[in-house]
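These protein sequences, in sequence, are chains A and B. Residue 305 in the UniProt record's numbering sits at position 305 of the first sequence, with consecutive numbering throughout. Residue 335 in the UniProt record's numbering sits at position 335 of the second sequence, with consecutive numbering throughout. Every residue gets a Cβ at the ideal spot worked out from N, C-alpha and C, and that includes glycine. Read the structure below first, then the notes.
Protein chains: 2
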Amino acid sequence: MSSVDHNKSALPADKGQKKKKRIHLNGFDMFTVSHLSFGQWRNPKDRSKTKRRDLSYWTDLAKVLEKGEFTALFLADTYGIYDTYKGSADPAIRYGAQVPMGDPSIPITAMASVTKNLSFAITTSTSYEAPYVVAKRFSTLDHLTGGRFGWNIVTSWKASASKALGLPLVEHDRRYQIADEYLRVLYKLWEGSWADDALKEENGSGEYANPDRIKYVHHHGENFHLDGIHILDPSPQRTPFLFQAGTSPAGVTFGSTHAEAIFVAAISPQALAPKVKLIREEVAKRGRDPTSVKIFPVFTPIIGRTEEEAKAKYEEALYYANPEAGLAFFSGGSGIDLSQYDLDQEIKPTDVHVDARVHSALANLQYTSPDIPAWTPRNIGKWIAIGGNGPIPVGTPEKIADILEEWVEVADVDGFNIGYVVSPGSFEDVTELLVPELRKRGLYDPLPGTTLREKVYGEGQKSLLEDHVGRQYRYETYDGK
Amino acid sequence: MSSVDHNKSALPADKGQKKKKRIHLNGFDMFTVSHLSFGQWRNPKDRSKTKRRDLSYWTDLAKVLEKGEFTALFLADTYGIYDTYKGSADPAIRYGAQVPMGDPSIPITAMASVTKNLSFAITTSTSYEAPYVVAKRFSTLDHLTGGRFGWNIVTSWKASASKALGLPLVEHDRRYQIADEYLRVLYKLWEGSWADDALKEENGSGEYANPDRIKYVHHHGENFHLDGIHILDPSPQRTPFLFQAGTSPAGVTFGSTHAEAIFVAAISPQALAPKVKLIREEVAKRGRDPTSVKIFPVFTPIIGRTEEEAKAKYEEALYYANPEAGLAFFSGGSGIDLSQYDLDQEIKPTDVHVDARVHSALANLQYTSPDIPAWTPRNIGKWIAIGGNGPIPVGTPEKIADILEEWVEVADVDGFNIGYVVSPGSFEDVTELLVPELRKRGLYDPLPGTTLREKVYGEGQKSLLEDHVGRQYRYETYDGK
Numbered sequence: 001m002s003s004v005d006h007n008k009s010a011l012p013a014d015k016g017q018k019k020k021k022r023i024h025l026n027g028f029d030m031f032t033v034s035h036l037s038f039g040q041w042r043n044p045k046d047r048s049k050t051k052r053r054d055l056s057y058w059t060d061l062a063k064v065l066e067k068g069e070f071t072a073l074f075l076a077d078t079y080g081i082y083d084t085y086k087g088s089a090d091p092a093i094r095y096g097a098q099v100p101m102g103d104p105s106i107p108i109t110a111m112a113s114v115t116k117n118l119s120f121a122i123t124t125s126t127s128y129e130a131p132y133v134v135a136k137r138f139s140t141l142d143h144l145t146g147g148r149f150g151w152n153i154v155t156s157w158k159a160s161a162s163k164a165l166g167l168p169l170v171e172h173d174r175r176y177q178i179a180d181e182y183l184r185v186l187y188k189l190w191e192g193s194w195a196d197d198a199l200k201e202e203n204g205s206g207e208y209a210n211p212d213r214i215k216y217v218h219h220h221g222e223n224f225h226l227d228g229i230h231i232l233d234p235s236p237q238r239t240p241f242l243f244q245a246g247t248s249p250a251g252v253t254f255g256s257t258h259a260e261a262i263f264v265a266a267i268s269p270q271a272l273a274p275k276v277k278l279i280r281e282e283v284a285k286r287g288r289d290p291t292s293v294k295i296f297p298v299f300t301p302i303i304g305r306t307e308e309e310a311k312a313k314y315e316e317a318l319y320y321a322n323p324e325a326g327l328a329f330f331s332g333g334s335g336i337d338l339s340q341y342d343l344d345q346e347i348k349p350t351d352v353h354v355d356a357r358v359h360s361a362l363a364n365l366q367y368t369s370p371d372i373p374a375w376t377p378r379n380i381g382k383w384i385a386i387g388g389n390g391p392i393p394v395g396t397p398e399k400i401a402d403i404l405e406e407w408v409e410v411a412d413v414d415g416f417n418i419g420y421v422v423s424p425g426s427f428e429d430v431t432e433l434l435v436p437e438l439r440k441r442g443l444y445d446p447l448p449g450t451t452l453r454e455k456v457y458g459e460g461q462k463s464l465l466e467d468h469v470g471r472q473y474r475y476e477t478y479d480g481k
Numbered sequence: 001m002s003s004v005d006h007n008k009s010a011l012p013a014d015k016g017q018k019k020k021k022r023i024h025l026n027g028f029d030m031f032t033v034s035h036l037s038f039g040q041w042r043n044p045k046d047r048s049k050t051k052r053r054d055l056s057y058w059t060d061l062a063k064v065l066e067k068g069e070f071t072a073l074f075l076a077d078t079y080g081i082y083d084t085y086k087g088s089a090d091p092a093i094r095y096g097a098q099v100p101m102g103d104p105s106i107p108i109t110a111m112a113s114v115t116k117n118l119s120f121a122i123t124t125s126t127s128y129e130a131p132y133v134v135a136k137r138f139s140t141l142d143h144l145t146g147g148r149f150g151w152n153i154v155t156s157w158k159a160s161a162s163k164a165l166g167l168p169l170v171e172h173d174r175r176y177q178i179a180d181e182y183l184r185v186l187y188k189l190w191e192g193s194w195a196d197d198a199l200k201e202e203n204g205s206g207e208y209a210n211p212d213r214i215k216y217v218h219h220h221g222e223n224f225h226l227d228g229i230h231i232l233d234p235s236p237q238r239t240p241f242l243f244q245a246g247t248s249p250a251g252v253t254f255g256s257t258h259a260e261a262i263f264v265a266a267i268s269p270q271a272l273a274p275k276v277k278l279i280r281e282e283v284a285k286r287g288r289d290p291t292s293v294k295i296f297p298v299f300t301p302i303i304g305r306t307e308e309e310a311k312a313k314y315e316e317a318l319y320y321a322n323p324e325a326g327l328a329f330f331s332g333g334s335g336i337d338l339s340q341y342d343l344d345q346e347i348k349p350t351d352v353h354v355d356a357r358v359h360s361a362l363a364n365l366q367y368t369s370p371d372i373p374a375w376t377p378r379n380i381g382k383w384i385a386i387g388g389n390g391p392i393p394v395g396t397p398e399k400i401a402d403i404l405e406e407w408v409e410v411a412d413v414d415g416f417n418i419g420y421v422v423s424p425g426s427f428e429d430v431t432e433l434l435v436p437e438l439r440k441r442g443l444y445d446p447l448p449g450t451t452l453r454e455k456v457y458g459e460g461q462k463s464l465l466e467d468h469v470g471r472q473y474r475y476e477t478y479d480g481k
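In structure tokens, the structure reads:
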């Protein structure tokens, strides 16, 4: 596998300094009534309410993304409820800001059975499930999807989640240390336990698997203990493709060690560029090819065949946007309870009494939503209720493609996690309108191969790259400790 | 819901003492290469090897069971590997005795998307996952299957599993005490947290759910701590339909408290009858209708259109049966390492030096497999390798139906967990050959309704019966503690 050059993801025709990157689009959704666009469930075009009740929500969505040759459907997840705004979880519950929430691992095989190329990445925390349990579940998912599976590693920061789980909330940096050990336990199971030739399936001898080619993992670390073989033979990718988010120093250390793709949120390519540069430097410091870690900012385009059509969709989004839900999300994520301000009184970024985090949030909004009429909490909540904190460019496919190109060029990103206003409508717009434009520009030409890792690094590259930390634990060299 | 009479599952025409029970058939499988019939994966007719790699194994199986109006597909599971025989896990690994093993929750939505009536029950242990995690996953499964979901509650007895999970193996009776608290935590989330009218979905007010109709669970017990609302609104059944196995005193206490169906293994209806009587008495002691707990023995019929055809299938099963895998399974389950005896030397049940558990096992085999030529360990392993410890009646649909009827009459069981020799072939035989015969006899007439609980208790009975312990925690009366 080591002979595969994963830089071939750059198009052959593009040489020299200004070569165009082959970009990835991931659908970005969550098993909840509103992920990043709040109140939009009231729009009859939005099917988000049916996620829990109707498998066809998922199978139809998967077909739309498959048609648009999206790389993956990325499903966020949480065990916590936003409870900062008004000091209560009530606003989030009342207006459906990421609650109710289902388990994203469950609809995957229904979607996999109606697709051939689309991959599926889910968020799972290293804080709430034993590594052995997760190892088995993820190997099952990777097997049954034919290697079209990815994991978005999170460590869980919400106090509400730790209370629900009945576990202490671990301090931020310590969570990443635990997650590091957690990942190494999983590599031992996924990479180290079964040799490539351990599975025999020999009718003559009756030997199904050769125990002499299967190692016991004896892990006795600071946080985890395990003695056993991996209970499942290696799946197509062995280790699922690894996503991560988090731009704190501890998060970057963890991500540049383990992640193959990093999901970021940023207001502008200019603001993102130094962060991407830092991530790639940190990746290089760990002996990895800095271009091998793919960076995906969240992006919620509102696309119309004409500027007018796009503008009308934006107006529709504003009509349905729920400020209270937006504020529940904003306050929960930032830790600032905006209910301390009058809902309709303008907050000036220059007001000295305003919390620095509010300043920063306002600066963000100013960029992503320059047409907010006045900086009142109500308006902040309303604009947040379209695409969350991320950019919501509005326009024709040509305009949106220009913006994406700018992000790729300025910020050196590798693609986008595409959020939605209405689902699957927003994704249909990308598939029907934006993808043909990107393709025309030579920006979009998904790689062959069946597994998620091959879609990113090229055909044949099913396993972790040679320079990835997980390869240290491969069967041939793993010492069983 | 309380007005539904779940005894209407007896056919209207059948009155008086000798009324015929409406029986249930469940498909009995496991996400592994051989569940209870070992070595059969070498038969080209068996598709068990493809379970991990090919979703169509599951969707095709589901269609066969749906056609036969099976009540549910019941998937066993484990985190442990049998390691008693020869004091090693090697025989189980080498011959594929329940290893490799996948996660049974994963293929369910693929199967649900191609069926309308078939339900799905999976085994999950109360020992290895936090209640909050399981509550969310199972609510998701119950939502997405439209209430066609059941849980087989186990407490995990294998030392190999506890080592793999890095947790101490808890003593048998204590495990059931912990499981009792675990179930009560789940009832609080499933039954007690959300009122029936908590979900609003009101476009006008923008209210998605009413927090005033959602209770926080504040559980602080001996083994579990939890503060939070159930993160998902109630699914069609709220609490999934509850299966349980285990005939130890602690197991019966737990089952008669919580189970709605109990899965048993027995060699004959005569041997089973007193156990069933005891279970029903224990159920009645707890204030529950003793007929409301459904009893399902495991049963692996080998069916042919003629006696000759059935006999030929049996001979084929013997041809592929793997004695070493059978012995790994037998020794693991019984705790007796049969490798202490010469593989080909006869063990006489009358030999005084033979362990009492071997006596008992031999007596079992004598009943289920009377044609074993000699009681050598090799032969024991070989016959165990067809259907495990359970009965493997061989014959025409008429003969098998006679046997099932005898079990129902003598042992007062409510149906059968149907094991397979080859999958889906053995299930196809039941659907194509046995089911028509059962139907002709008025034994088989699945109830209307969409949820698993309605299929068992009658249309409209989606929720737990009024006399079930879980109903104590329903929203209306639950105190939030």
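Asked                                                                                                                             : Found
Close beta carbons around A/L433, own chain, < 6 Å, minus the five adjacent residues each side                                    : I303, P397
Proximity to A/T115 [Cα-Cα], best of A/G146, A/A135, A/R137                                                                       : A/G146
Simplified DSSP state of B/Q244, which is helix, strand or coil                                                                   : strand
Through-space distance from B/I178 to B/N389, alpha-carbon basis                                                                  : 29 Å
DSSP state of B/H258 mapped onto helix, strand, coil                                                                              : helix
Cross-chain neighbours of A/F224 in chain B, by beta carbon under 7 Å                                                             : G166
First and last residue of the uninterrupted alpha helix (DSSP H) at B/L272                                                        : 269-285
Given 8 Å, three or more beta-carbon pairs between the region 198-214 of chain A and the region 82-95 of chain B                  : yes
Identified DSSP bridge partners for residue 486 of chain B                                                                        : Here chain B comprises residues numbered 1 to 481, so residue 486 of chain B is not present and cannot be evaluated.
Cβ of A/S2 within 8 Å of any chain B Cβ                                                                                           : For A/S2, the predicted structure reports a pLDDT of 40, less than 50, and the residue's modelled location is therefore unreliable. A value from the coordinates is still provided. Not closer than 8 Å to any Cβ of chain B, the Cβ of A/S2 fails to qualify, so no.
Where B/K440 falls: helix, strand or coil (DSSP)                                                                                  : helix
Minimum C-alpha distance to A/D212 - residue among A/T71, A/R378, A/S193, A/A110                                                  : A/S193
Helix, strand or coil at A/V298 according to DSSP, with G and I counted as helix                                                  : strand
N-terminal and C-terminal residue of the alpha helix (DSSP H) that B/I153 is part of                                              : Unbroken run through B/I153 is the beta strand (DSSP E), 149-154; no alpha helix (DSSP H).
Local conformation of B/D60 per DSSP, three classes                                                                               : helix
Under 7 Å from the C-beta of B/I380: neighbouring residues of chain A                                                             : Those do not exist, as B/I380 stays about 17 Å from chain A at its closest Cβ, beyond 7 Å.
Amino acids of chain B, ordered along the chain, whose beta-carbon sits closer than 8 Å to that of A/K49                          : E201
8 Å Cβ cutoff, A/W41 in contact with chain B                                                                                      : yes
Assigned secondary structure, A/S125 (DSSP; H/G/I helix, E/B strand, else coil)                                                   : strand
Endpoints, beta strand (DSSP E) assigned at A/H218                                                                                : 217-220
Contact with chain A by B/A284, beta-carbon distance below 8 Å                                                                    : no
Supposed contact pair B/T140 and A/S113 - C-beta distance, whole angstroms, cut 8 Å                                               : With a Cβ gap of about 18 Å, A/S113 and B/T140 do not count as contacting.
Under 7 Å (Cβ pairs) to chain B, residues found in the region 128-162 of chain A                                                  : Y128, E129, A130, Y132, V133, K136, R137, T140, L141, H143, L144, S160
Rounded distance between the beta-carbons of B/S339 and B/Y85, thought under 8 Å                                                  : 6 Å
A/S248 burial status per 10 Å Cβ neighbour count (16 or more: buried)                                                             : exposed
A/V456, DSSP secondary structure in three states                                                                                  : helix
Proximal residues of chain B, C-beta to C-beta of A/M101 below 8 Å                                                                : K136, I231, L232
Nearest-angstrom Cα separation, counted from B/L144 out to A/T50                                                                  : 10 Å
Alpha-carbon spacing of B/Y444 relative to A/G460, whole angstroms                                                                : 52 Å
Residues near B/S156 in its chain [Cβ-Cβ closer than 6 Å; skip 5 each side]                                                       : S125, S127
Rounded C-alpha distance that separates A/V276 from A/V413                                                                        : 7 Å
Beta-carbon neighbours of B/I93, restricted to chain A and to distances below 7 Å                                                 : A209, P211, I214
Contacts around A/Q244, its chain only, beta-carbon distance under 6 Å, and the 5 residues preceding and following it disregarded : I153, G255, A259, I262
Below-8 Å beta-carbon distance, B/V422 vs any chain A residue                                                                     : no
Contact set for B/L189: own chain, Cβ-Cβ below 7 Å, skip 5 residues either direction                                              : A135, V217, H230
Check: A/E466 C-beta below 7 Å from any heavy atom of the ligand COA                                                              : This structure does not include the ligand COA; it has no bound ligands of any sort.
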